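Everything in the sequence shown is counted per this note's numbering, starting at 3 for the first residue and increasing by one.
Beta carbons: idealized from backbone N, C-alpha and C, even for Gly.
These figures come from a predicted structure and were not determined experimentally.
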Amino acid sequence: QISDADSLDYHLGGALEIIRSNNFESRIDEWYFFRLIGLGEMINLYGLFFYSLNFGQIFQVLVFSNLILILSLFNKDKKINYLILFSFPIIISLMLSAKHMPLITNSYLVIFSVILLKIKLLPKTFLAILILIIAPTGFKYTYLIYSLPLWFLFMIYYKNEINIKKIILFSLLIFILIPGSFYLKNLIHYGDPITPFLEFLKISPDKDLIFYASNLRHGTIGGKIFNFYEFPVIPIIHVLPTSFGGVTLLASPIILVCYFAFLREKNKILICFFIFVYILLYFSEKISARFFLDLYFLGVLLFLNNLNYYKDKIYYKYITLSLFPYVLLGIFMILYSVSTLSFSILNKENFKKTMNEKSNNYEIIQWINSKTINNDIIIFDKSSTSIRSKAYQKNKIYFYSMNNKSIDELKKLIKDNSISKIVLGEGAYKNNYEKFYKCKKIDTHQLRHATRNPINSRKSIGNIYLIDARCLL
């Protein structure tokens, strides 16, 4: 059962909002994650037509099998191949989510394999390779960092076997037909093809949206970015845990082979590609290992391609031994997820209890669902807390930070959107709505911190209140 915040927010919640609205509507409220909906969410959308929140995970399992096949092209020892994949906690975390990053990793590894093994391609195969290069740009903006250099790399490698003009034409057509819809949607609805990152260029930019774009780059509010002195040791940072809560997002120690795997690579263009993309990722200010994952796997393929050479080196044994603790962690993650999240779906009460404990803000959504009717349209005040489990909401909910809005602005929001209920934090209710607007609460609920990581505690983090919106009119 999917329980991570991003999946329940826009990966699944965004797709459900499209179904709920019977079309794609631009969100003018502060559900900014909705702007990030791309091709991956369309895969989830098809599953939701069949009432399945887990449809996308079918592809994750298939991708894992295909990754084993790709590694087998370079190394026939299946034990080593399985050891490598299971030593990536970050891959297992992604497979347990509604994110489709492993699918894109698979696409890039197919292309890397074709180049490294110097496979002679048939004319029709070039079209398939172009799709694998270009389509990922419709899933996340970050893949522009990979796909654009990879397109040039592929052209350089096969320049004697292709017609450059035809390849450029086919590339444009593929971009227009597949990922182009993602950028066109953003341009039409938000006036920004890569929303929210070009918001600062507008004549009257939304300062809150610019702030969100900055946080999105860094991962969190005031999130860490790599310092210049950390540039050469980013792979080491991705391997070593900096907190107990982050152990499930670690990369495998096998990625450290990137420091020497290129020494035996005679093709300087491939080395330049790796360095160039590595630099772009650094300046993109993304720090999570998942954004570097595809690049790391290129280093792993190079390592496996020369495995017979490295087996004679003394450090090979230490690299292999270092994988075992990570494999144990990976297996524990799978078993823990199966025992706590999978079995719970067999019983409705157990499912509710598990989701309340493991899933971000699921209890808020369930509480709102229990206290409202389907026709209620709700404003949720983001000033004190947020809702990520949007995949389970039954109502139409608008999200605003209401602490910086005047009474006239609030009245306009309520009238324009036919709002019937307001959900807000304890501080906002007592300091404003009860004190100045004389609003009476319909009900209140104690909110607890919930996470799928068993290391993080489930503690009380405040109260939320439900009030009738008519008290402001």
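In the structure shown, G140 adopts helical secondary structure according to DSSP, grouped into three states. With respect to L155, F275 sits close: the two C-beta atoms are nearer than 8 Å. Counting C-beta pairs with one atom in each stretch, the segment 356–370 and the segment 334–344 have three or more that are closer than 8 Å, which means they touch. DSSP places Q395 outside both helix and strand once states are collapsed to three, so it counts as coil.
With a minimum length of 4 residues, the unbroken runs of alpha helix (DSSP H) contained wholly in the segment 146–223 fall at 166–179, 182–192 and 209–220. The DSSP-derived three-state label of N362 is coil. The closest CA to that of D296, considering only I92, L38 and H220, is found on I92. The beta carbons of A100 and G58 sit closer together than 8 Å. By the neighbour-count definition (other C-beta atoms within 10 Å, threshold 16), D6 is a buried residue.
CA-CA distance, F438 to D11, rounds to 33 Å. Around the beta-carbon of T197, 16 or more other beta-carbon atoms lie within 10 Å, marking it buried.
One Cα belongs to R22, the other to G42, and the distance between them is close to 18 Å.
It is roughly 11 Å from the alpha-carbon of T107 to the alpha-carbon of Q62. For L426, the enclosing beta strand (DSSP E) stretches over residues K423 to G427. Contact between I257 and V279 does not hold, since the beta-carbon distance rounds to 14 Å and is not under 8 Å. With the rule of 3 Cβ pairs closer than 8 Å, the segment 412–430 counts as touching the segment 375–382. Burial is judged here by how many other beta carbons sit within 10 angstroms of a residue's own beta carbon; R29 has at least 16 and is buried. No residue range can be given for I4, since it is assigned to no alpha helix (DSSP H) and is classified by DSSP as neither H nor E. Sorting L304, F246, F299 and A393 by C-alpha distance to the C-alpha of N269 places L304 at the top. When Cβ pairs closer than 8 Å are counted between the two stretches, the segment 384–391 is seen to touch the segment 362–372, the count reaching three or more. Within the model, the alpha-carbon separation for P181 versus S54 is close to 25 Å.
Along the segment 278–358, the alpha helix (DSSP H) occurs as fully enclosed runs of 4 or more residues at 291–307, 309–312 and 316–339, listed in sequence order. For N406, the three-state secondary structure derived from DSSP is helix.
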